[in-house]
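Step one of this worksheet: look at the structure below.
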Amino acid sequence: MGKNIVEKVIENHLISGEMKAGEEIAIKIDQTLTQDSTGTMAYLQFEAIGVPEVKTKRSVAYIDHNTLQAGFENADDHRYIQTVASKHGIYFSRPGNGICHQVHLERFGRPGFTLLGSDSHTPTGGGIGMLAIGAGGLDVAVAMAGGPYHLTMPKVCKVVLKGRLKPWVTAKDIILELLRRLTVKGGVGKVFEYSGEGLQYLTVPERATITNMGAELGATTSIFPSDEMTYAFMKAQGREDEWIELRSDEDATYDEEIVIDLSTLEPLVAKPHSPDNVDTVKNVGPIKVDQVCIGSCTNSSYLDLMKVAQILKGKTVHPDVSLVISPGSKQVYTMLAQNGALAHLIDAGARILESACGPCIGMGQAPATDAVSVRTFNRNFYGRSGTMSAKVYLASPEVAVATALSGVLTDPRELGEYPKVEMPKSFVINDNSIIPPSETPEEVEVVRGPNIKPFPINKELADRVEGEVLLTMEDNITTDHIMPSNAKLLPYRSNIPHLSDYCLAPVDPTFPGRAKKAGGGFLVAGHNYGQGSSREHAALVPLYLGIKGVIAKSFARIHEANLINSGILPLVFEDETDYHRIDKGDVLVIDNAREQVSGGNIITVSNMTKGYDFEVRLAVSPRLRDVLLAGGLLNYTKKNA
Ligand code: MIC
Ligand code: SF4
Numbered sequence: 003m004g005k006n007i008v009e010k011v012i013e014n015h016l017i018s019g020e021m022k023a024g025e026e027i028a029i030k031i032d033q034t035l036t037q038d039s040t041g042t043m044a045y046l047q048f049e050a051i052g053v054p055e056v057k058t059k060r061s062v063a064y065i066d067h068n069t070l071q072a073g074f075e076n077a078d079d080h081r082y083i084q085t086v087a088s089k090h091g092i093y094f095s096r097p098g099n100g101i102c103h104q105v106h107l108e109r110f111g112r113p114g115f116t117l118l119g120s121d122s123h124t125p126t127g128g129g130i131g132m133l134a135i136g137a138g139g140l141d142v143a144v145a146m147a148g149g150p151y152h153l154t155m156p157k158v159c160k161v162v163l164k165g166r167l168k169p170w171v172t173a174k175d176i177i178l179e180l181l182r183r184l185t186v187k188g189g190v191g192k193v194f195e196y197s198g199e200g201l202q203y204l205t206v207p208e209r210a211t212i213t214n215m216g217a218e219l220g221a222t223t224s225i226f227p228s229d230e231m232t233y234a235f236m237k238a239q240g241r242e243d244e245w246i247e248l249r250s251d252e253d254a255t256y257d258e259e260i261v262i263d264l265s266t267l268e269p270l271v272a273k274p275h276s277p278d279n280v281d282t283v284k285n286v287g288p289i290k291v292d293q294v295c296i297g298s299c300t301n302s303s304y305l306d307l308m309k310v311a312q313i314l315k316g317k318t319v320h321p322d323v324s325l326v327i328s329p330g331s332k333q334v335y336t337m338l339a340q341n342g343a344l345a346h347l348i349d350a351g352a353r354i355l356e357s358a359c360g361p362c363i364g365m366g367q368a369p370a371t372d373a374v375s376v377r378t379f380n381r382n383f384y385g386r387s388g389t390m391s392a393k394v395y396l397a398s399p400e401v402a403v404a405t406a407l408s409g410v411l412t413d414p415r416e417l418g419e420y421p422k423v424e425m426p427k428s429f430v431i432n433d434n435s436i437i438p439p440s441e442t443p444e445e446v447e448v449v450r451g452p453n454i455k456p457f458p459i460n461k462e463l464a465d466r467v468e469g470e471v472l473l474t475m476e477d478n479i480t481t482d483h484i485m486p487s488n489a490k491l492l493p494y495r496s497n498i499p500h501l502s503d504y505c506l507a508p509v510d511p512t513f514p515g516r517a518k519k520a521g522g523g524f525l526v527a528g529h530n531y532g533q534g535s536s537r538e539h540a541a542l543v544p545l546y547l548g549i550k551g552v553i554a555k556s557f558a559r560i561h562e563a564n565l566i567n568s569g570i571l572p573l574v575f576e577d578e579t580d581y582h583r584i585d586k587g588d589v590l591v592i593d594n595a596r597e598q599v600s601g602g603n604i605i606t607v608s609n610m611t612k613g614y615d616f617e618v619r620l621a622v623s624p625r626l627r628d629v630l631l632a633g634g635l636l637n638y639t640k641k642n643a
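With this note's numbering applied, the sequence shown closes on residue 643, and no number is skipped along the way.
Quick look at the structure:
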């Protein structure tokens, strides 16, 4: 029987398990990437594993998130990552070289390879035909040490792209359309594999916009075939020798299929505060906009910014709008500078930032009180911009730039003729900001600044798990709620004690204090708990606060894995009506916890305060049960070493 692309790549990397949707499989990882805000933790964990040199084909440490350096903390973390990378066989992409996903696509991504990254937007690599998956830092550390990556064999959903996009309608609108149809939990347990005649018009950077934001569907990843377009991109990057063809077989089968007629799409936006709150620009209408941000790993490629430059050329940004632009990589930045496009951006009044995540992760450019910000990014979660009262809309660079000129949300089709930007025959290649690992690692001293504090490690699961319900929450709580990231907090990603004072504060500012006073307890939540970022801080900080279990209607994939890796029980209500019976302050007990966890899928929990029992599900593999019994993945790995 024919195979789809996902099956082909997984089969090539399969270490154990059966390729049956829902089963646990283990795959070999060819490449890893980390970025600085999850990287410090990932490398501390890699050091704790004790393998001297990475066993992957290529591992790269990027610095792109924390680049503000308002104090010594960021610079300390950068120095730690640079030295630890040099010592252990890891390439180091210096601050300023660009956003990890953009640079990885340009310089390292390879069709048919597997990539594991400590960032939820690692699936960007699917644009070049990689099986690229986001994970917590500990999973990436294990992969660097040569261990397999365990995941649930996903369902494969074929997305057929029919026809061709109309002018001013973009790749961003394709993924927004999917989010509109499927919602932020519609992709859980799935990989989206793209196909159809529409592919021939989509360049690799455009494909990467789609696979990047596929993360917002909750998907395991998304992937495009490797075809002529992929070849052209890799050739232009001087890497055509790394190209292979990768297509699904004629008779390949899929678990699901979705058809999108590209010719019917129009410019879309995601309204506050969720990437799936999608409507047409027309329907939302000309609302007044205070800020426009163009950049992020979703939309900061050469093609994106050249279009923006052409539209801005000779014009002036609206006086009430602050327009900021961050080119995705040094390559993009250099090319814009060399061909003069950068001058059009500056001349029009745009504020040009360095090649980094910047405002996307709240590192500066927090909007004014109650301001409306239109961003080409992938997430508009509540508070993520750094301003709680801000309203963030997500859109294509075309919508963003049209809006920056007019001062109100604008359908770019009003601008007239669509700018024509060709994919360059060759990109400017200069990898001088990527530092190879040391050839004499024994001489490299790993430098640790005072901001780097030990991370918490759990104990073996107790036989009686008892605690108070410290918080009950609604659906779609993001990791930005659980462990906020902004210019003030991001410098403390290697300092769990400091972060613990801010855990879940956007939901309830009294939570950290109450959790500390109670010495820990349980969390209760609705559907899709922990969507968004891969930051394992959203598990490590609750662990530090003594959280023993989270009982939810459902979990987001990476966060659930991070909870298990930390030895925190991720439990799902067997009967969702029990969600309404629990109140903050109720004391819950799991008796015979060890036996129940190793025993089977159903666990009985007693609500001591209200005097009733209810059932929760722990639908995980036997291996993960052992991880939970051991008190997390590090303990488990040490025990089994
Ligand atoms: C994000 O976009 O939320 C981040 C910041 O890149 C995170 C990683 C992090 O929290 O450090 C992600 O996507 O995983
Ligand atoms: Fe950086 Fe934003 Fe991309 Fe996350 S989504 S990697 S913060 S640019």
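Beta carbons are placed, not taken as given, at the ideal position from N, Cα and C, and that holds for glycine.
Remember, predicted model here, so these are calculated numbers, not experimental data.
Give me whichever residues DSSP pairs with PHE2 in a beta bridge. Here the chain comprises residues numbered 3 to 643, so residue 2 is not present and cannot be evaluated.
Mind checking whether the beta-carbon of THR122 lies closer than 7 Å to any heavy atom of the ligand MIC? The identity of residue 122 in the sequence shown is Ser, whereas the question assumes Thr. Correct: SER122 has its Cβ closer than 7 Å to the ligand MIC.
Any heavy atom of the ligand MIC closer than 7 Å to the beta-carbon of SER39? yes
Work out the CA separation of CYS359 and ALA72 for me, nearest whole Å. 16 Å
Compute the minimum distance between the beta carbon of PHE110 and the heavy atoms of the ligand SF4, and state whether it is under 7 Å. no
Cβ neighbours of LEU630 in the same chain (closer than 7 Å, five flanking residues each side left out): LEU463, ILE566, GLY569, LEU571 and VAL599
Alpha-carbon spacing of PHE557 relative to CYS159, whole angstroms: 20 Å
Does the beta-carbon of ILE101, which I'm using as the reference point, lie nearer than 7 Å to any heavy atom of the ligand SF4? For the ligand SF4, a non-hydrogen atom lies closer than 7 Å to the CB of ILE101.
Between which two residues does the alpha helix (DSSP H) holding PRO544 run? 539-546
Does PHE575 pass the burial test, meaning 16 or more other C-beta atoms within 10 Å, or should it be called exposed? Looking at its Cβ environment, which holds 16 or more other Cβ atoms inside 10 Å, PHE575 is buried.
Got a sec: does the ligand MIC put a non-hydrogen atom nearer than 7 Å to the Cβ of THR537? Note that residue 537 is Arg in the sequence shown, not Thr. It does: the Cβ of ARG537 is within 7 Å (strictly closer) of some heavy atom of the ligand MIC.
Just to confirm, are LEU355 and SER375 a CB contact at a threshold of 8 Å? no
In chain order, what residues of the same chain lie with their CB nearer than 7 Å to the CB of ALA520, ignoring the 5 residues before and after it? The beta carbon of ALA520 lies closer than 7 Å to those of GLU470 and LEU472 in the same chain, with the five residues before and after it left out.
Check: SER357 C-beta below 7 Å from any heavy atom of the ligand MIC: no
Beta-bridge partners of SER608, as assigned by DSSP: VAL591 and ASP615
From ALA143 to ASP32, what distance separates their C-alpha atoms? 13 Å
For PHE94, name the three-state secondary structure that DSSP assigns. Judged by DSSP in its simplified three-state form, PHE94 adopts strand.
Measuring only from the beta carbon, is ARG182 closer than 7 Å to any heavy atom that is part of the ligand MIC? no
ARG377 Cβ short of 7 Å to the ligand MIC heavy atom set: no
Taking the DSSP output, what are the residues bridged to SER61? THR34
Would you tell me roughly how many angstroms separate the C-alpha atoms of THR378 and ILE177, rounded to the nearest one? If I take the Cα positions, the gap works out to 12 Å.
Any heavy atom of the ligand MIC closer than 7 Å to the beta-carbon of HIS67? yes
Best match in VAL8, VAL323 and ALA234 for proximity to LEU204 [C-alpha to C-alpha]: ALA234
Have a look at ASP654 and ALA402 and give me their C-alpha separation to the nearest angstrom. Missing from the structure shown is residue 654; the chain here goes from 3 to 643 and no further.
Should SER435 be listed as close to the ligand MIC, given that the test is whether its C-beta is under 7 Å from any heavy atom? no
Is SER88 near the ligand SF4, going by C-beta to nearest heavy atom under 7 Å? no
Using a Cβ distance threshold of 8 Å, determine whether the segment 325-341 contacts the segment 293-305, with at least three qualifying pairs required. yes
So within the segment 364-395, which uninterrupted beta strand (DSSP E) runs reach at least 3 residues, ignoring any that extend past its ends? 374-377
CB of SER298 to nearest heavy atom of the ligand SF4: below 7 Å? Checking every heavy atom of the ligand SF4 against the Cβ of SER298, one is found closer than 7 Å.
Could you compute how far the alpha carbon of TYR504 sits from the alpha carbon of MET485? 7 Å
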